[in-house]
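Participant:
Protein chains in written order, with this note's numbering: chain A, 1 to 239; chain B, 1 to 239.
#1: Please tell me whether residue 94 of chain B and residue 69 of chain A are closer than 8 Å, where the distance is taken between their beta carbons.
#2: On the DSSP letters alone, give me the boundaries of the beta strand (DSSP E) that residue 30 of chain B sits inside.
#3: Using a 10 Å radius around the Cβ and a threshold of 16 neighbouring Cβ atoms, would you call residue 221 of chain B buried or exposed?
#4: Nearest by alpha-carbon distance to residue 118 of chain B: which of A:158, A:113, A:239 and A:44 is it?
#5: Do residue 76 of chain A and residue 18 of chain A count as a contact pair if the criterion is CB distance below 8 Å?
#6: Step through the CB atoms of chain A and report whether any lies within less than 8 Å of the CB of residue 80 of chain B.
#7: Please work out which residues of its chain come closer than 6 Å, Cβ to Cβ, to residue 106 of chain A, disregarding the five sequence neighbours upstream and downstream, and give them in chain order.
#8: If the cut is a Cβ gap below 9 Å, which residues of chain B does residue 133 of chain A touch?
#9: What does the Cβ neighbour count give for residue 166 of chain B, buried or exposed, with the cut at 16 atoms within 10 Å?
#10: In chain order, what residues of the same chain lie with their CB nearer than 8 Å to the CB of residue 22 of chain A, ignoring the 5 residues before and after it?
#11: Quick check on DSSP: helix, strand or coil for residue 147 of chain A?
#12: Pop quiz: residue 238 of chain A and residue 116 of chain B are said to be a contact at Cβ under 8 Å. What is the actual Cβ separation, rounded to whole angstroms?
#13: By the criterion of Cβ-Cβ separation under 9 Å, what are the contact partners of residue 148 of chain B in chain A?
#14: Per DSSP, residue 70 of chain A is paired with what?
#15: Is it buried or exposed, residue 121 of chain B, if we count other Cβ atoms within 10 angstroms and call 16 or more buried?
#16: Give the DSSP-derived three-state secondary structure of residue 101 of chain B in the structure shown.
#17: Take every Cβ of the segment 87-104 of chain B, pair it with every Cβ of the segment 31-50 of chain B, and state whether three or more of those distances are shorter than 8 Å.
#18: Taking only beta-carbon positions, decide if residue 70 of chain A is within less than 8 Å of chain B.
#19: Which residues in the same chain as residue 131 of chain A place their Cβ atom closer than 8 Å to its Cβ, once the five residues preceding and following it in sequence are excluded?
#20: Measure from the C-beta of residue 151 of chain B to each C-beta in chain A and report whether the shortest distance is under 8 Å.
#21: Can you give the Cα-Cα distance for residue 8 of chain B and residue 162 of chain B, rounded to whole angstroms?
#22: Do we get a CB-CB distance below 8 Å when we pair residue 73 of chain B with the residues of chain A?
#23: Going by C-alpha distance, which of A:13, A:20 and A:1 is nearest residue 172 of chain A?
#24: If you measure beta-carbon to beta-carbon, which residues of the segment 83-97 of chain A are closer than 7 Å to chain B?
#25: Which one of B:233, B:32 and B:160 has the shortest CA to CA distance from residue 180 of chain B?
#26: What residues are listed by DSSP as bridge partners for residue 162 of chain B?
#27: Which same chain residues end up closer than 6 Å to residue 56 of chain A when comparing Cβ atoms and leaving out the 5 residues on each side of it in sequence?
#28: What's the call for residue 25 of chain A, buried or exposed, on a 16-neighbour Cβ count within 10 Å?
#29: Leaving aside the five residues before and after residue 134 of chain A along the sequence, list all residues of the same chain whose C-beta is less than 6 Å from its C-beta, in chain order.
#30: What's the gap between the Cα of residue 177 of chain B and the Cα of residue 216 of chain A?
#31: Can you tell me the Cα-Cα spacing of residue 62 of chain B and residue 72 of chain B, whole angstroms?
#32: Would you mind telling me which residues of chain B sit closer than 7 Å to residue 155 of chain A, beta carbon to beta carbon, in chain order?
#33: Counting only C-beta atoms, is residue 138 of chain A closer than 8 Å to chain B at any point?
#34: For the alpha helix (DSSP H) that contains residue 6 of chain A, what are its first and last residues?
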């Protein structure tokens, strides 16, 4: 099965949470908006096609045969069993999805730090509000989410290296991405907080060293973090 | 199977999106925090129990036999097949869940209108920012979400009354709750917008008239909207 990923061509964004499991499992996929044969019109075609039965609200979306699926966590729960990135039991899949939805909340809150009023306005139009929101995010919300996932790793890894024990899951890949992104966006805060969450940081390092992930991260397929993305670095938001 | 719902006792909140399918299907359930035999410590016990293997990040959560499940949309995708509130095929379930996650985004944005800076601060500490955020929400985001779901109903109802055609699904129940909540929070905006979304309003009315939903809405089990809830009515946010 060749998967088609539809997402913006110039940011990691939510699409990165899909790219990582596709890369880690060596899946056959096309990143449509970044492929010169397809490009941006490929995405717009989907969003505007009036005959589309299941139109997405927004990218990312994934085409898998006849299925067109959107909402990042929904795409992941569809892909993961096919890429062998989640245990088989219903209980495990519900638990993985629950963790992923909590990561989605965390990611959303991260993006709100630079856009607390409206996504359609520029950051420069809401800097004062962004400073207030970011102050609460770095002092309250980041420790709360980091502490939650540290606790999960402690209780669930059963002596293994990952959230589900010995075998990697898509949740581990997403946690890697959260740590990467938060280090880019809030380097001072992360430098201060990281020592309190040794399991999360060890997990991050372990994912980064996986051969396919390492190859991906050093390839041109991995877009650099940038100031149009969900994770953004504005030094004034850490003051 | 007797389901146990764990949520706050005095608001509709996210819990209401679980209560509605339980009520509509006549399921056997206990709303733990509102049951004098259990009450608030019942929830805290779960959140603080260090032996809990799958601790929720936050309420609501549902206990179903040995399973403890959290994240509203995750609970719904678990419950719906058991309550006969979603079609059987994988494609339909993914689609229902995708719609539900978009409703979750919409609900989250609704709550952010009165708490754009931090949930731990009082509304009165962020009124100026709330006015800005609400202005964007009522002028841009509400029409965008309403228009999306109106389009979904148009394309997918196959001449039937509901999002999946002839049979009600949990997505329909959630859309009813969104319309109810938005009418409470933003009555002027809704009065102005509603004529553009006749399918959504007809769906709302149809759900409201379902015998078990009607009985539930007129019972003490249905909490009134109030100013501690996600949907809040501050007249100044509609000016």
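Backbone N, C-alpha and C define an ideal beta-carbon position, used for all residues, glycine too.
Facilitator: By the coordinates alone:
#1: Translated into positions along the second chain, residue 94 of chain B becomes position 94. Translated into positions along the first chain, residue 69 of chain A becomes position 69. Cβ distance < 8 Å, so residue 94 of chain B and residue 69 of chain A count as in contact.
#2: Here the question's residue 30 of chain B lines up with position 30 in the second chain. Residues 29-31.
#3: What you label residue 221 of chain B is simply residue 221 of the second chain in a count that begins at 1. Counting Cβ neighbours within 10 Å, residue 221 of chain B comes out exposed, since fewer than 16 surround it.
#4: As a position in the second chain, residue 118 of chain B is number 118, starting the count at 1. Comparing Cα-Cα distances from residue 118 of chain B to each of A:158, A:113, A:239 and A:44, the minimum goes to A:113.
#5: Here residue 18 of chain A refers to the residue found at position 18 of the first chain. Here residue 76 of chain A refers to the residue found at position 76 of the first chain. A contact, by the Cβ cut-off of 8 Å.
#6: Along the second chain, read from residue 1 onward, the residue named residue 80 of chain B stands at position 80. No - not a single Cβ of chain A is within 8 Å of the one on residue 80 of chain B.
#7: In the first chain, counting from the first residue as 1, residue 106 of chain A sits at position 106. Taken in chain order, the residues that qualify are 145.
#8: The sequence position of residue 133 of chain A within the first chain is 133, counting from 1. In chain order: 116, 117, 118 and 129.
#9: For this step, residue 166 of chain B is matched to residue 166 along the second chain. So residue 166 of chain B ends up on the exposed side.
#10: In the first chain, counting from the first residue as 1, residue 22 of chain A sits at position 22. So the list reads 3, 5, 29, 79 and 83, once near-sequence residues are dropped.
#11: Taking the first residue of the first chain as position 1, residue 147 of chain A is located at position 147. Residue 147 of chain A falls in the helix class under three-state DSSP.
#12: By 1-based counting over the first chain, the position of residue 238 of chain A is 238. By 1-based counting over the second chain, the position of residue 116 of chain B is 116. The pair is not a contact, with the Cβ atoms about 20 Å apart (cut-off 8 Å).
#13: As a working note, residue 148 of chain B is residue 148 in the second chain. Simply 55 and 57.
#14: Residue mapping note: residue 70 of chain A aligns to position 70 of the first chain, counting from 1. Paired residue(s): A:61.
#15: For the purposes of this step, residue 121 of chain B is taken as the residue at position 121 of the second chain. Exposed, since its Cβ has fewer than 16 Cβ neighbours within 10 Å.
#16: Looking up residue 101 of chain B in the second chain gives position 101. The answer is helix: DSSP assigns residue 101 of chain B an H, G or I state.
#17: no
#18: Position 70 of the first chain, counted from the start, is the residue given in the question as residue 70 of chain A. Output row for residue 70 of chain A: interface = yes.
#19: Within the first chain, numbered from 1, the residue matching residue 131 of chain A stands at position 131. Once the five neighbours on either side are set aside, the close Cβ partners of residue 131 of chain A are 236, 237 and 239.
#20: As a first step, residue 151 of chain B is located in the second chain; it is residue number 151 there, counting from the start. Yes, because at least one Cβ of chain A sits closer than 8 Å to the Cβ of residue 151 of chain B.
#21: For the purposes of this step, residue 8 of chain B is taken as the residue at position 8 of the second chain. For the purposes of this step, residue 162 of chain B is taken as the residue at position 162 of the second chain. Going from the Cα of residue 8 of chain B to the Cα of residue 162 of chain B covers about 30 Å.
#22: Within the second chain, the letter at position 73 stands for residue 73 of chain B. Chain A, which has a Cβ nearer than 8 Å to the Cβ of residue 73 of chain B, makes this yes.
#23: Numbered from 1 along the first chain, position 172 holds the residue referred to as residue 172 of chain A. Comparing Cα positions, the closest option is A:20.
#24: 91, 94, 95 and 97
#25: By one-based count along the second chain, residue 180 of chain B stands at place 180. For the residues B:233, B:32 and B:160, the minimum Cα distance to residue 180 of chain B belongs to B:233.
#26: Taking the first residue of the second chain as position 1, residue 162 of chain B is located at position 162. Residue 162 of chain B is bridged to B:165.
#27: Start at 1 with the first residue of the first chain, and residue 56 of chain A comes out as number 56. Excluding positions up to five away in sequence, the list reads 70.
#28: The residue labelled residue 25 of chain A in the question sits at position 25 within the first chain. Residue 25 of chain A is buried by the Cβ-count criterion.
#29: Here residue 134 of chain A refers to the residue found at position 134 when the first chain is read from its first residue. Correct list, in chain order: 113 and 237.
#30: Counting from 1 along the second chain, the entry for residue 177 of chain B is found at position 177. Counting from 1 along the first chain, the entry for residue 216 of chain A is found at position 216. Their backbone Cα atoms lie some 44 Å apart in a straight line.
#31: By one-based count along the second chain, residue 62 of chain B stands at place 62. By one-based count along the second chain, residue 72 of chain B stands at place 72. Going by the C-alpha atoms only, they are around 9 Å apart.
#32: In the first chain, counting from the first residue as 1, residue 155 of chain A sits at position 155. Within 7 Å Cβ-Cβ: 53.
#33: Position 138 of the first chain, counting from 1, holds the residue named residue 138 of chain A. By this cut-off, residue 138 of chain A is not an interface position.
#34: In the first chain, residue 6 of chain A corresponds to position 6, counting from 1. Segment 3-6 is the beta strand (DSSP E) holding residue 6 of chain A; no alpha helix (DSSP H) there.
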